[in-house]
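Q: Let me begin by handing over the structure; questions about it come next.
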Amino acid sequence: MRILYYYWDEFNGEDCMDAMRRLGHEVDMLRLQLEGFELTPEIDERFRALLTKEDFLGRRYYDIVYSFDYYPCISDACQKYNTPYVSWVFDCPHYTLDSHTITNPVNKVFVFDKERYRQMKAKGTTTVRYSPLGVNEKRLSEFCDKLDAETDGLMVYQHDVCFLGNLYDNEFNFYDQVQSLPPDLKEYIDNVINDQEKIFGKDLFSDEQVITPEHVKELREYIKFEDTGNYDLNYDSIILDMLRIKVTVNERRHILERMGERFDSFLYTPPGARPIKGVKNMGLADYQTKMPLIFRRSKINLNITLRSIISGVPLRVLDVLAAGGFLITTYQKEIEEYFENGKELVIAHTPEEMVKLTEYYLEHEDERKEIAKAGQKKVFEEFAYTKLLPKILEE
Numbered sequence: 000m001r002i003l004y005y006y007w008d009e010f011n012g013e014d015c016m017d018a019m020r021r022l023g024h025e026v027d028m029l030r031l032q033l034e035g036f037e038l039t040p041e042i043d044e045r046f047r048a049l050l051t052k053e054d055f056l057g058r059r060y061y062d063i064v065y066s067f068d069y070y071p072c073i074s075d076a077c078q079k080y081n082t083p084y085v086s087w088v089f090d091c092p093h094y095t096l097d098s099h100t101i102t103n104p105v106n107k108v109f110v111f112d113k114e115r116y117r118q119m120k121a122k123g124t125t126t127v128r129y130s131p132l133g134v135n136e137k138r139l140s141e142f143c144d145k146l147d148a149e150t151d152g153l154m155v156y157q158h159d160v161c162f163l164g165n166l167y168d169n170e171f172n173f174y175d176q177v178q179s180l181p182p183d184l185k186e187y188i189d190n191v192i193n194d195q196e197k198i199f200g201k202d203l204f205s206d207e208q209v210i211t212p213e214h215v216k217e218l219r220e221y222i223k224f225e226d227t228g229n230y231d232l233n234y235d236s237i238i239l240d241m242l243r244i245k246v247t248v249n250e251r252r253h254i255l256e257r258m259g260e261r262f263d264s265f266l267y268t269p270p271g272a273r274p275i276k277g278v279k280n281m282g283l284a285d286y287q288t289k290m291p292l293i294f295r296r297s298k299i300n301l302n303i304t305l306r307s308i309i310s311g312v313p314l315r316v317l318d319v320l321a322a323g324g325f326l327i328t329t330y331q332k333e334i335e336e337y338f339e340n341g342k343e344l345v346i347a348h349t350p351e352e353m354v355k356l357t358e359y360y361l362e363h364e365d366e367r368k369e370i371a372k373a374g375q376k377k378v379f380e381e382f383a384y385t386k387l388l389p390k391i392l393e394e
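In this text, residue positions in the sequence shown follow numbering that gives the first Met the number 0: the first is 0, and each later residue adds one.
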């Protein structure tokens, strides 16, 4: 198969293209500056030249166009030039999925959250599919072997407790930017946010007895959106995602504060994050090289799932396990479905349990090593790009 791969400098693009080539596909990389998400004359002309190209037998040269995340203008171009468009979405929420273009018959769009998939199917979207996310098992296996060779197989730790991720105490924290909410409404919403922090794996914002349609209607009076007419956006859902992100802001900070009080704790996050007492901020980490080193050489890695991921397995879980790291994660339904708790990773159901589990496993190195080893084996066997891509590309 000949694949035209739209590459937007996403961190996992090189891993995916490598796996495609190892599966025997020809992959041509397309770099293109997309101004917004509309099919402009300039973008149309570029795709016309590529998608009407023929091989020496007079057949269409490219079999599909592929991208991580969904681009409406690429879909429109593929629809116009009758070329299948395969998109694998790793962001959540990802609002371009609400574009009117999502129904283009050339689309085959994969999402990694079963609950989000169910919601889209319920809306009548027939172009959406489900697949968990993946990793490049070859690169990470070779990386781990090289690290082990440097230390003669001995495990050398750099950190006791490590969290790598965004704190979202920046422009993404939209809820705190909302002005002039009525005091009674704000107090109620803040109480729900605080209650949600205490529970992993149950989404209170989906429960209309907790956040009623009347609450959402009132919130919409103070939270305004620009309607371009190009998207079938559910603004009620966007408001709920704003609240979920606010929970993430609070709970990541609060959990890390507890870790910093008790353990030697480290944070890798984008610049601008507010300091957390007792936690050393190490800045950003490169996905290809530094990140797997951090995961493998931390005694305990934490995953605190972004709350807008309702049921799915976050990519960070796979990243940690594929690097041979030991992981304690917040509960997610699909994590429990795919992995054996206490054997391949460790699942916490509350913030308090996450702290207790961290304390326990810091003192039980042999158990940590066995769990990390089994977790890596599971990810290499079940979540390798070379295992997942045949379904995604050929279905």
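Beta carbons are placed, not taken as given, at the ideal position from N, Cα and C, and that holds for glycine.
1) CB-CB under 6 Å to Glu114, same chain, minus the five flanking residues each way: which ones, in chain order?
2) Just to confirm, are Leu292 and Thr268 a CB contact at a threshold of 9 Å?
3) Work out the CA separation of Leu387 and Glu381 for me, nearest whole Å.
4) Do you know how far the Cα of Tyr234 is from the Cα of Phe224?
5) Using 9 Å as the threshold, is the C-beta distance between Lys376 and Tyr337 below it?
6) Any chance the segment 66–75 sits against the segment 33–48, with 3 or more Cβ pairs inside 8 Å?
7) Just mark Leu317 as buried or exposed, buried being the case when its beta carbon has 16 or more other beta carbons within 10 Å.
8) If we call anything under 9 Å between Cβ atoms a contact, is Phe162 one with Leu301?
9) Identify every residue that forms a DSSP beta bridge with Ile327.
10) Please say whether His158 and Ser264 have beta carbons closer to each other than 9 Å?
11) Kindly identify the DSSP beta-bridge partner or partners of His24.
12) When you compare only the Cα positions, how much space is there between Leu96 and Phe89?
13) Who are the Cβ neighbours of Val354 in its own chain at under 6 Å, not counting the five residues just before and after it?
14) Let's see if you can read the secondary structure: which residues bound the beta strand (DSSP E) around Arg128?
15) Near Pro83, what residues of its chain come up, given a Cβ to Cβ distance below 6 Å and the 5 sequence neighbours on each side ignored?
16) On the three-state DSSP scale, how would you describe Ile275?
17) Decide if Phe294 is buried, meaning its Cβ has at least 16 other Cβ atoms within 10 Å, or exposed.
18) Could you tell me the alpha carbon to alpha carbon distance between Met28 and Val85, rounded to whole angstroms?
19) Cβ atoms of Val248 and Asp168: under 9 Å apart, would you say?
20) Could you check if Phe142 is buried or exposed, using at least 16 other CB atoms within 10 Å of its CB as the buried criterion?
21) What residue from Gly259, Cys91 and Asn81 has the CA that sits closest to Arg47's CA?
22) CA-CA distance, Glu352 and Val345?
23) Taking the runs of the alpha helix (DSSP H) that are 4 residues or longer, which of them lie wholly in the segment 121–197?
24) Check the C-beta distance from Leu266 over to Ile275 and give it rounded, since I have them as a contact under 8 Å.
25) For Phe379 versus Leu139, is the C-beta spacing smaller than 9 Å?
26) Do Val134 and Tyr384 have their C-beta atoms within less than 9 Å of each other?
27) In whole angstroms, what separates the C-alpha of Glu44 from that of Tyr5?
A: Taking the coordinates as given:
1) On the sequence shown, position 115 is the one that residue 114 refers to. Correct list, in chain order: Ile309 and Ser310.
2) Stepping through the sequence shown from its first residue, residue 292 is reached at position 293. Stepping through the sequence shown from its first residue, residue 268 is reached at position 269. Contact flag unset, no.
3) Here residue 381 is taken as the residue at index 382 of the sequence shown, counted from 1. Here residue 387 is taken as the residue at index 388 of the sequence shown, counted from 1. Going from the Cα of Glu381 to the Cα of Leu387 covers about 8 Å.
4) The count along the sequence shown starts at 1 and reaches residue 224 at position 225. The count along the sequence shown starts at 1 and reaches residue 234 at position 235. Straight-line Cα distance between these residues: approximately 8 Å.
5) Looking up residue 376 in the sequence shown gives position 377. Looking up residue 337 in the sequence shown gives position 338. No, they are not a contact pair.
6) yes
7) Against the sequence shown, residue 317 aligns to sequence position 318. That one is buried.
8) Here residue 162 refers to the residue found at position 163 when the sequence shown is read from its first residue. Here residue 301 refers to the residue found at position 302 when the sequence shown is read from its first residue. Closer than 9 Å, so yes.
9) Working through the sequence shown from its first residue, we reach residue 327 at position 328. DSSP lists Leu301 and Val345 as partners of Ile327.
10) Counting from 1 along the sequence shown, the entry for residue 264 is found at position 265. Counting from 1 along the sequence shown, the entry for residue 158 is found at position 159. Taking 9 Å as the Cβ cut-off, Ser264 and His158 qualify as a contacting pair.
11) Locating residue 24 in the sequence shown gives position 25, where the first residue counts as 1. DSSP output for His24 lists no bridge partner at all.
12) Here residue 96 refers to the residue found at position 97 of the sequence shown. Here residue 89 refers to the residue found at position 90 of the sequence shown. Those two C-alpha atoms are separated by around 12 Å.
13) Counted from its first residue, the sequence shown places residue 354 at position 355. Around Val354: Arg257.
14) Position 129 of the sequence shown, counting from 1, holds the residue named residue 128. Counting along the chain, the beta strand (DSSP E) containing Arg128 begins and ends at Val127 to Tyr129.
15) Here residue 83 refers to the residue found at position 84 of the sequence shown. Result list for Pro83: Ile63 and Val105, in chain order.
16) In the sequence shown, counting from the first residue as 1, residue 275 sits at position 276. If DSSP states are grouped into helix, strand and coil, Ile275 belongs with coil.
17) For the purposes of this step, residue 294 is identified with residue 295 of the sequence shown, where counting begins at 1. Flag for Phe294 reads buried.
18) In the sequence shown, residue 28 corresponds to position 29, counting from 1. In the sequence shown, residue 85 corresponds to position 86, counting from 1. Using only the alpha carbons, I get a separation of about 14 Å.
19) Counting from one through the sequence shown, the residue named residue 168 turns up at place 169. Counting from one through the sequence shown, the residue named residue 248 turns up at place 249. Result yes, Cβ atoms of Asp168 and Val248 sit closer than 9 Å.
20) The residue given as residue 142 occupies position 143 in the sequence shown. Buried: at least 16 other Cβ atoms inside 10 Å.
21) The residue given as residue 47 occupies position 48 in the sequence shown. Comparing Cα positions, the closest option is Asn81.
22) Position 353 of the sequence shown, counted from the start, is the residue given in the question as residue 352. Position 346 of the sequence shown, counted from the start, is the residue given in the question as residue 345. Cα to Cα, Glu352 sits roughly 11 Å from Val345.
23) 136–149 and 182–196
24) In the sequence shown, residue 266 corresponds to position 267, counting from 1. In the sequence shown, residue 275 corresponds to position 276, counting from 1. So it is a contact: roughly 7 Å between Cβ atoms.
25) What you label residue 379 is simply residue 380 of the sequence shown in a count that begins at 1. What you label residue 139 is simply residue 140 of the sequence shown in a count that begins at 1. For Phe379 and Leu139, yes; Cβs fall inside 9 Å.
26) If you number the sequence shown from 1, residue 134 lands on position 135. If you number the sequence shown from 1, residue 384 lands on position 385. In contact: Val134 and Tyr384 (Cβ atoms closer than 9 Å).
27) Taking the first residue of the sequence shown as 1, we reach residue 44 at position 45. Taking the first residue of the sequence shown as 1, we reach residue 5 at position 6. Cα-Cα distance, rounded: 15 Å.
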